[in-house]
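This note's numbering numbers the first residue of the sequence shown as 58 and each following residue consecutively. Beta carbons are placed, not taken as given, at the ideal position from N, Cα and C, and that holds for glycine. Nothing here was measured: the structure is a model prediction, and the numbers come from that model. See below for the structure under consideration.
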Amino acid sequence: MSSIFDTLTFALDTTPHVIRDYIDTYDPEPDDARARFTAPDALTAAAHWYAANGIPVFPCKPGSKTPATSHGFKDATTNTGQITQWWTTNPQYNIAIPTGLFFDVLDIDHPTLAWPQLRQEITTQTLTPFQAVHTPRGLHLYLPPRPETRNTTNIVPGADFRAKGGYVLAPPSIITPSPAYPGGRYRWAGTIWPTPGEFTQHDAVREAAA
58 MSSIFDTLTF
68 ALDTTPHVIR
78 DYIDTYDPEP
88 DDARARFTAP
98 DALTAAAHWY
108 AANGIPVFPC
118 KPGSKTPATS
128 HGFKDATTNT
138 GQITQWWTTN
148 PQYNIAIPTG
158 LFFDVLDIDH
168 PTLAWPQLRQ
178 EITTQTLTPF
188 QAVHTPRGLH
198 LYLPPRPETR
208 NTTNIVPGAD
218 FRAKGGYVLA
228 PPSIITPSPA
238 YPGGRYRWAG
248 TIWPTPGEFT
258 QHDAVREAAA
């Protein structure tokens, strides 16, 4: 079986500056941008925003990553009626999006731990992330999907890979603090929202979805 590094690879000279800047300036405290996500309908509006841009969503229980539906990521949809029903039932449901269709996600839970080894291991090809999300304890890098990749935990210490059969929480989802996990919101790195359609306008993403 090929290594995840055979298919998930970056050239060091094309690594987005957001990763290095993030590691250098990491601040776990909420910032002004997060305040924009505190409106009562923020999660509902965001769920519809993703669906309108072709990204299927499904709900997770408030403050957690646990699916609120029976079949988890298999229930993901862009159907506005279903989305309205879910978030009317509970406007505090988190937003989850399946990986492996429009994108894969490199989930870096401990940037200062994972990044040095990622720089050393990932050197053979160029595959540039097209979006990044700050998470309560790290960073999500959104990547063009590779059909041959699968979910892989701990690809290096402090980092997991989310691909076909997986999912991630999306902004502005929020995690309730616990002894095992710091609380906080998911937020886009650099901007509040990506450009509408940014996920699906990416060439590799569009080709994979065809």
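Checklist entry - With Y224 and I154 assumed to form a contact (beta carbons below 8 Å), what rounded beta-carbon distance in angstroms separates them? => result Contact flag correct, Cβ pair sits at about 6 Å.
Checklist entry - Does DSSP put H128 in a helix, in a strand, or in coil? => result Coil at H128, not helix or strand.
Item to check | T126 vs W143 beta-carbon contact at 9 Å | outcome: Yes, the pair counts as a contact, with Cβ atoms nearer than the cut-off.
Checklist entry - For P116, which option in N110, A109 and A103 has the closest C-alpha, if you only look at C-alpha atoms? => result Checking every option, the nearest Cα to that of P116 belongs to A103.
Item to check | Simplified DSSP state of A158, which is helix, strand or coil | outcome: Residue 158 is actually Leu in this sequence, not Ala. Residue state, collapsed to three classes: coil.
Checklist entry - Roughly how many angstroms lie between the CA atoms of I212 and L158, to the nearest whole one? => result Separation of I212 and L158 (C-alpha to C-alpha, rounded to the nearest whole angstrom) is 21 Å.
Next on the checklist: Less than 9 Å between the C-beta atoms of N208 and R219, yes or no?
Outcome noted: Yes; because the gap between Cβ atoms is below 9 Å, this pair is in contact.
Checklist entry - Taking V190 as the reference, which of G120, W245, L100 and A108 has the closest Cα? => result The candidate whose alpha carbon is nearest that of V190 is W245.
Item to check | Identity of the residue in P229, Q188, I165 and G241 nearest T210 by Cα | outcome: Shortest Cα-Cα distance from T210 to any of P229, Q188, I165 and G241 involves I165.
Next on the checklist: Bridge partners for P116 per DSSP, in chain order?
Outcome noted: Partner(s): I152.
Checklist entry - Going by DSSP, what residues sit across from W245 in a beta bridge? => result In the DSSP output, where bridge partners are listed per residue, W245 has V190.
Checklist entry - Which value, in whole angstroms, describes the spacing of the CA atoms of P234 and L200? => result In a straight line, the C-alpha of P234 is about 28 Å away from that of L200.
Checklist entry - Looking only at DSSP bridge pairs, what is H197 linked to? => result Answer is D164 and V190.
Checklist entry - DSSP three-state call for A99: helix, strand or coil? => result DSSP places A99 in the helix class (H, G or I) of the three-state scheme.
Next on the checklist: On a Cα-Cα basis, can you pick out the residue from P202, P148, G138 and F160 that is closest to P229?
Outcome noted: It is P148.
Next on the checklist: Comparing C-alpha positions only, which one of G138, W106, T137 and T156 sits nearest to F130?
Outcome noted: With distances taken between Cα atoms, F130 lies closest to T156.
Checklist entry - How far does the beta strand (DSSP E) with T209 in it reach, from first residue to last? => result Counting along the chain, the beta strand (DSSP E) containing T209 begins and ends at T209 to V213.
Checklist entry - Exposed or buried, which one is N151 when buried takes at least 16 other CB atoms within 10 Å? => result When all chains shown are included, N151 counts as buried.
Item to check | Bridge-paired residues (DSSP) for Y107 | outcome: According to DSSP, Y107 bridges with nothing at all.
Checklist entry - Thinking C-beta only, is L226 closer than 9 Å to L198? => result Contact flag unset, no.
Next on the checklist: Residues in the same chain with beta-carbon distance under 6 Å from D217, minus the five sequence neighbours each way, listed in chain order, please.
Outcome noted: Taking D217 as the centre and dropping the five residues before and after it, the same chain places the C-beta of D164 and T210 closer than 6 Å to its C-beta, in chain order.
Item to check | Distance, I232 Cα to T135 Cα | outcome: When rounded, the distance between both Cα atoms is 23 Å.
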